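In UniProt numbering, the protein residues as written are 1 to 287. Built from N, CA and C at the ideal position, the CB exists for glycine as well. Since we're looking at a predicted model, the values are computed, not measured. To start, the structure itself, in structure tokens.
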């Protein structure tokens with residue numbers, strides 16, 4: 001909490017929570033209370049069935065990264081607003097939090113090509129894919145987290161690195177250099193668009209298998225474009241950016257439920273396993 005009267009946010013930190021504060025922080029908290037348990041339930045159902053449905057293993061890993069993203073963009077920010085506490089107000093604290101935030105974000109992004117590859121492999125090499133050992137799949141799932149760590153370590157202490165941090169007074173995140181941050185987002189959007197193109201190229205084989213992957217990438221790209229172009233000015237603009245980051249992860253769970261009748265049935269039954277009655281939209285069933 002700011003104790004410097006020259007701080008532009010001093011008055012906000014030393015005043016009671018307003019209706020807008022409750023609305024901004026409360027809505028993020030409610031979103032977390034809805035989508036994090038739902039994503040965790042879907043991941044648990046997939047984990048129980050991953051011996052028969054190989055592709056679930058990659059989706060479990062992706063769901064874990066999505067949960068971490070929802071926690072940091074929804075949970076952390078919601079708590080920071082309601083508690084009127086930036087969570088990390090020292091330079092070293094901000095640096096450590098930024099390191100973690102970047103690692104989670106990169107890990108989530110890298111799961112898009114991983115899931116796309118798993119579905120491509122399920123279509124092109126179904127025999128090899130359905131014979132894949134469980135431990136083998138989860139070792140592959142560690143790659144996005146490892147590569148994300150390498151990316152963060154290689155950029156975090158670089159001269160071009162831009163630090164941004166949660167500032168509850170503006171309902172979102174602030175960057176030390178907004179121009180550099182915007183350039184970085186544009187570059188990342190182009191890379192994400194390339195991943196989307198690869199996914200679309202495989203639709204001629206089995207469209208139904210690829211629809212969730214393509215729509216997930218489309219939502220991701222549209223969200224990043226909206227963030228890059230901007231959502232206006234003021235604290236509700238920065239709040240909207242955090243919500244868009246949150247939606248990027250929450251949408252993946254909803255797409256799985258939309259395209260997988262087995263998952264929908266299991267969720268409606270409170271996580272109980274249901275008999276696999278048809279080809280799923282997310283993988284090849286082990287023979």
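Bounding residues of the alpha helix (DSSP H) (the contiguous stretch that carries residue i)
| i | result |
| --- | --- |
| residue 17 | Segment: none, residue 17 is in no alpha helix (DSSP H) and carries neither H nor E. |
| residue 240 | 235–259 |
| residue 128 | 126–130 |
| residue 171 | Careful: residue 171 lies outside any alpha helix (DSSP H) and carries neither H nor E. |
| residue 136 | 134–155 |
| residue 58 | 56–70 |
Reference residue i, options the options, closest by Cα
| i | options | result |
| --- | --- | --- |
| residue 28 | 254, 243, 270, 139 | 243 |
| residue 253 | 38, 18, 17 | 38 |
| residue 131 | 172, 52, 70, 103 | 52 |
| residue 101 | 119, 143, 173, 135 | 173 |
| residue 157 | 99, 127, 134, 166 | 99 |
| residue 269 | 15, 45, 26 | 45 |
| residue 23 | 261, 236, 256, 125 | 236 |
| residue 9 | 261, 218, 86, 118 | 86 |
| residue 74 | 36, 43, 122 | 36 |
| residue 241 | 11, 19, 72 | 72 |
| residue 245 | 25, 31, 70, 20 | 70 |
| residue 25 | 250, 84, 123, 54 | 84 |
| residue 133 | 16, 54, 260 | 54 |
| residue 32 | 19, 263, 251 | 251 |
| residue 20 | 234, 262, 263 | 234 |
Close Cβ partners of residue i (< 6 Å) along its chain, the five nearest in sequence each way excluded
| i | result |
| --- | --- |
| residue 47 | 60 |
| residue 40 | none |
| residue 137 | 57 |
| residue 144 | 107, 110, 111, 114 |
| residue 238 | 170, 171, 172 |
| residue 78 | 25, 28, 29 |
| residue 12 | 169 |
| residue 82 | 25 |
| residue 14 | none |
Neighbourhood of residue i by C-beta distance below 7 Å, restricted to the same chain and skipping five residues each side
| i | result |
| --- | --- |
| residue 289 | Outside the shown range of the chain (1 to 287) lies residue 289, about which nothing can therefore be said. |
| residue 103 | 148, 149, 152 |
| residue 195 | Reliability fails at residue 195, whose pLDDT of 42 lies under 50, so the model's placement of it is uncertain and the value that follows must be treated cautiously. Excluding sequence neighbours, residue 195 sits near 112, 113, 116, 217. |
| residue 142 | none |
| residue 191 | Model confidence at residue 191 stands at a pLDDT of 48, short of 50, so the residue's coordinates are unreliable; what they give is reported in the following sentence. There are no such residues. |
Chain B within 7 Å of residue i, Cβ atoms only
| i | result |
| --- | --- |
| residue 131 | Of the protein chains in this structure there is only one, and it is not chain B. |
Neighbourhood of residue i by C-beta distance below 8 Å, restricted to the same chain and skipping five residues each side
| i | result |
| --- | --- |
| residue 140 | 58, 114 |
| residue 179 | Because residue 179 carries a pLDDT of 40, less than 50, the predicted location of this residue cannot be relied on, and the following value inherits that uncertainty. Cβ within range, chain order: n/a, list empty. |
| residue 165 | 86, 88, 94, 97, 98, 173, 174 |
| residue 43 | 59, 60, 63, 64, 67 |
| residue 267 | 38, 41, 42, 45, 257 |
| residue 121 | 128, 129 |
| residue 76 | 87, 166 |
Proximity test, residue i beta-carbon vs the ligand HEM heavy atom, cut-off 6 Å
| i | result |
| --- | --- |
| residue 262 | No copy of the ligand HEM appears in this structure; indeed no ligand is present at all. |
When you compare the stretch 53–67 with the stretch 82–102, are there three or more beta-carbon pairs, one atom per stretch, that lie closer than 8 Å? no
Taking one C-beta from the stretch 104–112 and one from the stretch 137–153 each time, how about it: are there three or more such pairs within less than 8 Å? yes
Within the stretch 71–109, note down every full alpha helix (DSSP H) run reaching 4 residues or more, in order along the chain. 76–83
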